[in-house]
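Notes follow the structure.
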Amino acid sequence: MADELKWYVAHTYSGYENTVAMSIEQAVENRNMHDLITEVSIPLETVTEITDSGPKTVERKVFPGYVLVKMVMTDETWHLVRNIRGVTGFVGAANKAIPLTDEEIAALGVEKREVVVSYGVGDSVKITDGALASFIGTVEELDTERGKVRVVVSMFGRETPVELELDQVETI
Numbered sequence: 170m171a172d173e174l175k176w177y178v179a180h181t182y183s184g185y186e187n188t189v190a191m192s193i194e195q196a197v198e199n200r201n202m203h204d205l206i207t208e209v210s211i212p213l214e215t216v217t218e219i220t221d222s223g224p225k226t227v228e229r230k231v232f233p234g235y236v237l238v239k240m241v242m243t244d245e246t247w248h249l250v251r252n253i254r255g256v257t258g259f260v261g262a263a264n265k266a267i268p269l270t271d272e273e274i275a276a277l278g279v280e281k282r283e284v285v286v287s288y289g290v291g292d293s294v295k296i297t298d299g300a301l302a303s304f305i306g307t308v309e310e311l312d313t314e315r316g317k318v319r320v321v322v323s324m325f326g327r328e329t330p331v332e333l334e335l336d337q338v339e340t341i
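Take my numbering: the final residue in the sequence shown is number 341, and no numbers are missing along the way.
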């Protein structure tokens, strides 16, 4: 069943995202459908606004009017989400909801993918993916928050820093 779990995007009236998310969670609880609908999320970003009284940190919705739902798409789950007050439909074609791709999910930061790093600054690594695959370089900087690593590679007799994803390199 877990293989069929995918993220879908429900369109809501603007300003109703929190109400819709709570209503979906309540309906799942009431109908005991935890195995079919596992998560409801509203992507948020932290922004510092400059006001007359000084800087203020607020959380703002990345996509106003949308709620993300991780679920197994069946007629029952489709109707449950679709019939929540404030939901206008799913993102997709007509009555066919289209799930988000893995790339879209990673870009949204909805699911945190944890990469275990077996190398550190100063270690020699081999690039395993991308245009520079099979090049060997030295780790110059690690940024686990952003999931990036900077590797210095020797190309054409010059030291060139390259920024890569953490999972694009491996220790030698």
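Cβ coordinates follow ideal geometry from the N, Cα and C atoms, glycine included.
Can the beta-carbon of residue i be found closer than 8 Å to that of residue j?
{"i": "Thr188", "j": "Gly258", "result": "no"}
{"i": "Leu249", "j": "Arg200", "result": "yes"}
{"i": "Val279", "j": "Ser210", "result": "yes"}
{"i": "Lys317", "j": "Leu335", "result": "yes"}
{"i": "Ser183", "j": "Gly234", "result": "yes"}
{"i": "Asp292", "j": "Thr340", "result": "yes"}
{"i": "Tyr177", "j": "Ala275", "result": "no"}
{"i": "Glu173", "j": "Val260", "result": "no"}
On the three-state DSSP scale, how would you describe residue i?
{"i": "Asp312", "result": "strand"}
{"i": "Thr181", "result": "strand"}
{"i": "Ile341", "result": "coil"}
{"i": "Ser293", "result": "strand"}
{"i": "Val236", "result": "strand"}
Whose CA, out of the options, lies closest to the CA of residue i?
{"i": "Val320", "options": "Tyr288, Gly326, Glu314", "result": "Tyr288"}
{"i": "Phe304", "options": "Thr243, Val338, Arg229", "result": "Val338"}
{"i": "Val285", "options": "Glu314, Glu272, Asp271, Glu332", "result": "Glu314"}
{"i": "Val197", "options": "His180, Val322, Glu245, Leu333", "result": "Glu245"}
{"i": "Ile253", "options": "Val331, Leu333, Lys175, Ala179", "result": "Ala179"}
{"i": "Lys230", "options": "Pro224, Leu277, Pro268, Glu273", "result": "Leu277"}
{"i": "Arg251", "options": "Thr181, Met324, Val331, Gly326", "result": "Thr181"}
{"i": "Ala263", "options": "Trp247, Glu273, Asp271, Lys175", "result": "Trp247"}
{"i": "Ala190", "options": "Pro268, Lys239, Ile219, Thr226", "result": "Lys239"}
{"i": "Phe232", "options": "Val322, Tyr185, Leu333", "result": "Tyr185"}
Within the region 241-283, ranges of the alpha helix (DSSP H) (whole runs, at least 4 residues): 244-251, 271-277
Inside the region 196-231 only - beta strand (DSSP E) runs reaching at least 3 residues: The region 196-231 contains these whole beta strand (DSSP E) runs: 206-210, 213-220, 223-230.
The region 196-216 / the region 294-304 touching (three or more Cβ pairs under 8 Å): no
Meets three-Cβ-pair contact criterion under 8 Å: the region 209-220 and the region 304-315: By the criterion of at least three beta-carbon pairs nearer than 8 Å, the region 209-220 is not in contact with the region 304-315.
Within the region 314-338, ranges of the alpha helix (DSSP H) (whole runs, at least 4 residues): none
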